[in-house]
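Q: Before I ask anything, let me first share the structure, which is written out below as structure tokens.
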DNA sequence: TCGAAAGTCTCGATCATCGAGAGATTAGGT
DNA sequence: ACCTAATCTCTCGATGATCGAGACTTTCGA
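Protein chains in written order, with full-length UniProt numbering: chain A, 1 to 158; chain B, 1 to 158.
Written as structure tokens, this is what we have:
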């Protein structure tokens, strides 16, 4: 393997990092625009993702999704409910549970912001052949696997 | 364009998001392992990046890098200095400035954690031809451009 | 039916961040 | 050489996000 190859691979790794930074900034922008913080946005996204799967999140499941303790979830839901982005509803089947229902306006705002990005990304992908997209797909899957291994694996001892 | 193409593109967008989530988790893991928070890690990474460019960061520039006000930077540097990850030094040329010098141990820990990931990513990229990597590179650059446009652009009015 | 478990909430404490402003140093115009 | 304005960092007090401990309600299982 040549040094140029090595440099090219290093550059790709940096591109991946840059992409994550900028994608984070998209959420950050949504947060600022709506007077929310990072956690609030993550929560709304988690609820939207669940809704797209046809599920409703309970407070507890939301806490798992955004990695917060129950006390913090209560405060989080209080914040979002106060500004009208969602409302609590007792689960009829298990009255201990609180299911979170996103308001139509919040759902629309989220779709506007993040859906618009998805559209633009999809449009930009039209400049690639199916074979090229397949290569990209394989690349992203493999890199994600490597990253996941690093995020979950114990520090190597040497 | 077929529906399969559309679905493939949507899946790629989701893969990009998943990758960012997992890459974030890598930093999160470093934070937990060293008793730091997200901001602290971002700060150390910024200082390491600068060091790789042969620069030293001042308190003010670090604040720009991690988007904190000066009061918060002072607190941040206090935290990192207290645990020995860096030390303050007055800039000899401009004595208003405080230059931040990362300790060798912190630098080593960062290189271990993030450098290891970079190595593994690079190794995983050996399974691709130069042409394939060129396609991936073009893809990442273009997608990042689209994302940046979305992070900086005003909301479209419709 | 009764005790344990699950789900959420309340309360008080802790910590990260900020705005306002102080203090020190440098830059620029005269 | 001055003097003012600008720059850089820090201090202080306030605000807000998060947490642990524990209370309360509801469900589950023996």
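Cβ coordinates follow ideal geometry from the N, Cα and C atoms, glycine included.
Note that the structure is predicted; figures quoted are calculated from it, not measured.
Among the candidates B:82, B:101, B:24 and B:84, whose CA atom is the shortest distance from the CA of residue 90 (chain B)?
A: For this step, residue 90 (chain B) is matched to residue 90 along the second chain. That would be B:101, whose Cα lies nearest to the Cα of residue 90 (chain B).
Q: Under the rule that 16 or more other beta-carbon atoms within 10 Å means buried, what is residue 150 (chain B), buried or exposed?
A: Working through the second chain from its first residue, we reach residue 150 (chain B) at position 150. Buried, by the Cβ-count rule.
Q: Closest Cβ-Cβ distance between residue 48 (chain A) and chain B: below 9 Å?
A: Here residue 48 (chain A) refers to the residue found at position 48 when the first chain is read from its first residue. Nearest CB-CB separation between residue 48 (chain A) and chain B: not below the 9 Å threshold.
Q: From this set, A:66, A:61 and A:48, which residue's C-alpha is nearest residue 85 (chain A)'s C-alpha?
A: Indexing the first chain from 1 puts residue 85 (chain A) at position 85. Comparing Cα positions, the closest option is A:48.
Q: Considering only C-alpha positions, which residue in the set B:126, B:39, B:145 and B:148 is nearest to residue 142 (chain A)?
A: For the purposes of this step, residue 142 (chain A) is identified with residue 142 of the first chain, where counting begins at 1. Here the closest residue by C-alpha is B:126.
Q: What residues in the region 56-87 of chain A bring their beta carbon closer than 8 Å to a beta carbon of chain B?
A: none
Q: Under 7 Å Cβ to Cβ from residue 106 (chain B), same chain only, skipping five residues before and after it: list those, please.
A: Here residue 106 (chain B) is taken as the residue at index 106 of the second chain, counted from 1. Result list for residue 106 (chain B): 44, 85 and 86, in chain order.
Q: In terms of residues, what are the limits of the alpha helix (DSSP H) holding residue 62 (chain A)?
A: Residue numbering aside, residue 62 (chain A) sits at position 62 when the first chain is read from its first letter. Note, residue 62 (chain A): alpha helix (DSSP H), 59-66.
Q: Hey, would you say residue 28 (chain A) sits closer than 9 Å to residue 38 (chain A), going by beta carbons?
A: Counted from its first residue, the first chain places residue 28 (chain A) at position 28. Counted from its first residue, the first chain places residue 38 (chain A) at position 38. In contact: residue 28 (chain A) and residue 38 (chain A) (Cβ atoms closer than 9 Å).
Q: So what does DSSP say about residue 98 (chain B), is it helix, strand or coil?
A: What you label residue 98 (chain B) is simply residue 98 of the second chain in a count that begins at 1. Of the three classes helix, strand and coil, the one that applies to residue 98 (chain B) here is strand, per DSSP.
Q: Less than 9 Å separating the beta-carbons of residue 7 (chain A) and residue 58 (chain A)?
A: Taking the first chain and counting its residues from 1, one reaches residue 7 (chain A) at position 7. Taking the first chain and counting its residues from 1, one reaches residue 58 (chain A) at position 58. Going by C-beta atoms, residue 7 (chain A) is not nearer than 9 Å to residue 58 (chain A).
Q: On the CB-based measure, 16 or more other CB atoms within 10 Å of its CB, does residue 95 (chain B) come out buried or exposed?
A: To locate residue 95 (chain B), count along the second chain from 1; it is residue 95. By the neighbour-count rule (16 or more Cβ atoms within 10 Å), residue 95 (chain B) is not buried but exposed.
Q: Thinking C-alpha only, which one of B:26, B:130, B:147 and B:36 is nearest residue 82 (chain B)?
A: The residue labelled residue 82 (chain B) in the question sits at position 82 within the second chain. The shortest C-alpha separation from residue 82 (chain B) is found at B:36.
Q: Grouping DSSP H, G and I as helix and E and B as strand, with all else coil, what is residue 86 (chain A)?
A: Stepping through the first chain from its first residue, residue 86 (chain A) is reached at position 86. If DSSP states are grouped into helix, strand and coil, residue 86 (chain A) belongs with the strands.
Q: CB-CB under 6 Å to residue 128 (chain A), same chain, minus the five flanking residues each way: which ones, in chain order?
A: The count along the first chain starts at 1 and reaches residue 128 (chain A) at position 128. Counting only Cβ-Cβ distances below 6 Å, and skipping sequence neighbours, we find nothing.
Q: Look up residue 79 (chain B) in the DSSP assignment and say whether it is helix, strand or coil.
A: Within the second chain, the letter at position 79 stands for residue 79 (chain B). Helix.
Q: Any beta-carbon of chain B closer than 9 Å to the one on residue 107 (chain A)?
A: Position 107 of the first chain holds residue 107 (chain A). For residue 107 (chain A), no Cβ of chain B is located within less than 9 Å of the residue's own Cβ.
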